[in-house]
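*Asks:*
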Amino acid sequence: MRQWLGDGERALAAAFRDGVATDALLRRRAEWVDAVVGHVWRACLGDAAGCTLLASGGYGRGLLFPHSDVDLLVLGDDAVLARQRRALEAFFACLWDIGLKPGHAVRTPAQCHDLAAQDVSVYTSLLDARALAGPAAALQVILDDPALWPPAAFLAAKVAEQAARFARCHDTAYNLEPDLKDGPGGLRTLDLMRWLGRRVAQAGDFAAMVACDLLDATERAALLRAQATLRRYRMALHLAAARAQERLLFDYQRTLATLLGFEDEHAGNLGVERFMQAYYRAATIVERLGAQLVERCTELLEADAPLRVLGADFLARGQRIEPRERDLLLRRPAAIIDLFALPLEQDGLRGLTAQAMRLLQQALARHGDALAQDAGVLAALLALLRRGAAAVEALAQMNRHGVLAAVLPAFRRVVGRMQYDLFHVYTVDEHTLRVLRNVASFAQPGARERFPEADSVYAALPQPELLLLAALLHDIAKGRGGDHSELGEVEARAFCTRLGLPAHDVELVAWLVRHHLLMSVTAQRQDITDPQVVHRFASEVGERVRLDYLYLLTMADIAGTNPKLWNGWKARLLADLHVAARYVLRAGLQQPQHASERIAAKRERTLALARDQGVPAAAIAALDELPDDAFLRLRAEQLLWQAQAIAGHAATDVIVAIDTAPGRGSSELLVCAPDRDGLFATIMTTLDRFDAGVVRARLLVSARRRVFDTFELIDARSAAPLERERAAELRAALLRALAPRELQPRAT
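Residue numbers for the sequence shown follow this note's numbering, so the first one is 5 and each next one is one higher.
Here's what the structure looks like:
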């Protein structure tokens, strides 16, 4: 039987590769397992076992993926179960020996009823159960109990269960390694729709849901297409992983893309990216229609929810919005934008009714590409953007319902577009929304904790909506091949012109899209303490207003790329470059400040800081020991800290100091010693031994041949600043390693 089952699995895999429909193969595998389980049951318990064998879960639905659990439930009274105990043990042991790995439970009907009453997941598994052997009457008695999870309680419990499941997947279908089963828009969402349809409206499949108006025919067709995609992907993943793998990890994505026929078009549109985009689009449909069905079921159970008139065109049903007339969105396309703008004006509103969702999709389909050219729609969108930070959540909801892609057709191409690199952990559209949310956070009181100076810079912007537009459009041309910044500039200019912006505003947004990586690249890849680097950067920016917009866009962009990428060190880098460039622009690009003037100015600022902090005279005097270049490359706070560290030491001493003060993204290490052969190599070897990552280093030598090496360090394992205890251990190790006896004087 093991051989027969193995031959069947290999035949199933071959048939899948040959293009046989996935559902047919899933049913075929369930039928094979039915035959095996039934044969073993009869062999172990005979035809008159006195108890019932049930298939549950996905197996109960008659669909079984290659490595899914074979869930079995045995129901019988106490006497029968006691009499058949050894036979049941032999039955399950035999299934394990064959290789089925069954999930199983043995219960009396009363036990099953009690567990189902306590745990909605147990009750749900019974909804899918079917009898493999023995009478199904005991199961039906349990399911027929009206007190067992009545519709309203069932709906609330399943929605809460789903919310917890989604939270484990970071509440987005757009993770780059999505969970095909349990993630938002995954196969479990389709199961939930069937369970709710059955419990709330006695409609256990999509066809029955159309008959009772939970879905319409178009929605059913879209769900079936999305379901076919998700099942095909899950089938391929199980076969590739040779186990019950549900997360579509990077390790499998290229293999599956090739298996399913997605070939590379060009460097900007890889087959694997189109493969993932097809998944994301299917998941988006399932997520949206799943939410719509939950809302529809809620409305059926809360038919007496209060209605409230919202102006001439809309109603509030409880906390949800819908048009007063079914043809409103067809007659007046701008009302589509109003649907999402209204919650900004009316407290207590959150989202759309199921009817509004359906009418919205019908309107989007009817209007088609004309929506992007409609003057009323564009005017309403611009009015929404001019609400500034408050508009961001409305834009997120518009994306969820496909409105952004309809109004901005270029956005349609980046919906579900993954970014196959080492940095991005979201699709382009999800990344864009996170950038927009970061922009919105600049207006919040606590913004300064995460984004230094962001609140004050944002508050001074003359037109915050232009920053929102730049954030919305900055990656609009991803996936086309070529430089997405250059292509995006063209898209941004065209879209802003359609919006009716003045020419200078159009040019500002287009410039920001074209140069949205400029500040990030300059700060992270060049020495921003070099006056020439700062001057070149300031020359490219050209004016203070552009600089402020670019500074905010850059912070929002980096922080929206990957939660682990943004830290205090990068925040400090960008803030330093912003301040330095602002100084250059204020002084005038044609009047660069000479090094001697900058050194003198920095020395004065450092002395003023020392006086404010009451620093001892010895430390102030030690400022004279620092190399002149230090006053060009370090902040006044750093200069003062270094002077305090070396104060009182002889010129021949080896000095090691580590600043672990909180509030920064890195720890600062100073090594001061006479210049000797092997000094730098010894430092780096010791840092490597302590897993201390160097994010920035400045190697300076004074006129007296005294080395002042400064390093910004993070823990390479956690990307966080060094802990105080770890820093103390590192300092002690460096002092031992750099002791003069271990090094030879440099030859002269």
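The beta carbon of each residue, even a glycine, is placed where N, CA and C say it ideally should be. Given the structure is predicted, the values throughout are model-derived calculations rather than measurements.
Which of the three DSSP states, helix, strand or coil, is assigned to Asn442?
*Replies:* In this structure, Asn442 counts as helix in the three-state DSSP scheme.
*Asks:* Shortest alpha-carbon distance to Tyr462 belongs to which of Gly420, Ser524 and Met559?
*Replies:* Of Gly420, Ser524 and Met559, the residue nearest in Cα terms is Met559.
*Asks:* Buried or exposed: which applies to Leu274, given that a residue is buried once 16 or more other Cβ atoms fall within 10 Å of its Cβ?
*Replies:* Buried is the call here.
*Asks:* Using only CA atoms, which one of Ala398, Thr436 and Glu397 lies nearest to Gly415?
*Replies:* One point to set straight first is that residue 415 is Phe, not Gly, in the sequence displayed. Closest by alpha carbon: Thr436.
*Asks:* Distance check for Ala248 and Ser4, CA to CA, integer angstroms please.
*Replies:* An answer regarding residue 4 cannot be provided, because it is not within the stretch 5 to 752 covered by the chain.
*Asks:* Rounding to the nearest angstrom, what Cα-Cα distance links Glu746 and Gln530 in this structure?
*Replies:* Any reading at Glu746 needs caution, since the residue's pLDDT is 48, under 50, leaving its predicted position unreliable; the model's value is listed next. Distance between the alpha carbons of Glu746 and Gln530 is about 34 Å.
*Asks:* Measuring only the C-alpha atoms, how far is Ile659 from Gln166?
*Replies:* The straight-line gap from Cα to Cα measures roughly 58 Å.
*Asks:* Quick check: Leu398 and Leu389, are their CB atoms within less than 7 Å of each other?
*Replies:* Just to set this straight, residue 398 is Ala in the shown sequence, not Leu. It is not a contact, given that the beta carbons lie outside the stated cut-off.
*Asks:* Using only alpha-carbon positions, find the residue among Ala612, Ser489 and Ala295 that is nearest to Thr163.
*Replies:* For clarity, residue 163 is Val in the given sequence; the question names Thr instead. That would be Ala295, whose Cα lies nearest to the Cα of Val163.
*Asks:* With DSSP run on the structure shown, which of helix, strand or coil describes Ser460?
*Replies:* Three-state DSSP puts Ser460 in a helix.
*Asks:* Run through the DSSP bridge pairs and tell me what Tyr256 is partnered with.
*Replies:* None, per the DSSP bridge assignment.
*Asks:* Please classify Arg518 as buried or exposed, where buried requires at least 16 other C-beta atoms within 10 Å of its C-beta.
*Replies:* It counts as buried.
*Asks:* Helix, strand or coil: how does DSSP classify Asp373 here?
*Replies:* Three-state result, Asp373: helix.
*Asks:* Quick one, which of Leu742, Arg31 and Leu636 has its alpha-carbon nearest Arg680's?
*Replies:* The shortest Cα separation from Arg680 among Leu742, Arg31 and Leu636 belongs to Leu742.
*Asks:* Give the straight-line distance between the Cα atoms of Ala53 and Phe95, rounded to the nearest whole angstrom.
*Replies:* In a straight line, the C-alpha of Ala53 is about 12 Å away from that of Phe95.
*Asks:* Determine the extent of the alpha helix (DSSP H) in which Thr288 is found, giving its start and end residues.
*Replies:* Gly275 to Leu305 is the extent of the alpha helix (DSSP H) around Thr288.
*Asks:* Tell me which same chain residues have a C-beta within less than 8 Å of the C-beta of Phe20, skipping the five on either side of it?
*Replies:* Same-chain partners within the cutoff: Thr26, Leu29, Met239, Ala240 and Leu243.
*Asks:* Is Val145 buried or exposed, if buried means 16 or more other CB atoms sit within 10 Å of its CB?
*Replies:* So Val145 ends up on the exposed side.
*Asks:* I believe Leu726 touches Thr690 by the beta-carbon criterion, under 8 Å. Please report the beta-carbon distance rounded to the nearest angstrom.
*Replies:* Incorrect: roughly 13 Å between the Cβ atoms, too far for contact.
*Asks:* Nearest-angstrom Cα distance between Pro744 and Arg668?
*Replies:* One C-alpha to the other measures close to 33 Å.
*Asks:* Mapping DSSP to helix, strand and coil, what is Leu747?
*Replies:* Reliability fails at Leu747, whose pLDDT of 47 lies under 50, so the model's placement of it is uncertain and no value is given.
*Asks:* Quick one: grab the DSSP three-state call for His508.
*Replies:* Correct three-state label for His508: helix.
*Asks:* Let me know the secondary structure DSSP gives Val429 once reduced to three states.
*Replies:* Three-state DSSP puts Val429 in coil, outside helix and strand.
*Asks:* For the beta strand (DSSP E) containing Asp663, name the first residue and the last one.
*Replies:* Here the beta strand (DSSP E) through Asp663 covers Ile659 to Asp663.
*Asks:* Given this structure, state the Cα-to-Cα distance separating Glu181 from Pro310, to the nearest angstrom.
*Replies:* Between Glu181 and Pro310, the C-alpha separation is close to 42 Å.
*Asks:* Looking at the structure shown, is Val619 part of a helix, part of a strand, or coil, going by DSSP?
*Replies:* DSSP places Val619 in coil when its eight states are reduced to three.
*Asks:* Between the Cα of Ala579 and those of Gly652, Ala604 and Gln528, spot the shortest distance and give me the residue it belongs to.
*Replies:* Considering only alpha carbons, the answer is Gln528.
*Asks:* Could you tell me how far apart the beta carbons of Leu234 and Ala282 are, in whole angstroms, since I believe they sit closer than 8 Å?
*Replies:* Not quite, the Cβ-Cβ distance comes to about 10 Å (not below 8 Å), so this is no contact.
*Asks:* Val41 and Leu136 look like a contact to me (Cβ under 8 Å); what is the Cβ gap, rounded to whole Å?
*Replies:* Sure, about 6 Å apart at Cβ, within 8 Å.
*Asks:* Determine the extent of the alpha helix (DSSP H) in which His43 is found, giving its start and end residues.
*Replies:* Taken as a continuous stretch (DSSP letters only), the alpha helix (DSSP H) holding His43 covers Thr26 to Leu49.
*Asks:* Secondary structure at Ala654, three-state DSSP: helix, strand or coil?
*Replies:* Three-state DSSP puts Ala654 in coil, outside helix and strand.
*Asks:* Got a sec? Which residues, its chain only, sit under 7 Å from Ala133 by beta carbon, not counting five neighbours each side?
*Replies:* So the qualifying residues of the chain are Leu58, Ala59, Ser60, Gly64, Leu77 and Leu143.
*Asks:* Checking the sheet assignment: what are the DSSP bridge partners for Asp75?
*Replies:* Looking at the DSSP assignment, Asp75 forms a beta bridge with Gly107.
*Asks:* Please look up how many angstroms separate the CB atoms of Ile341 and Ala384, rounded, as I've assumed it's under 8 Å.
*Replies:* The pair is a contact, with the Cβ atoms about 4 Å apart (cut-off 8 Å).
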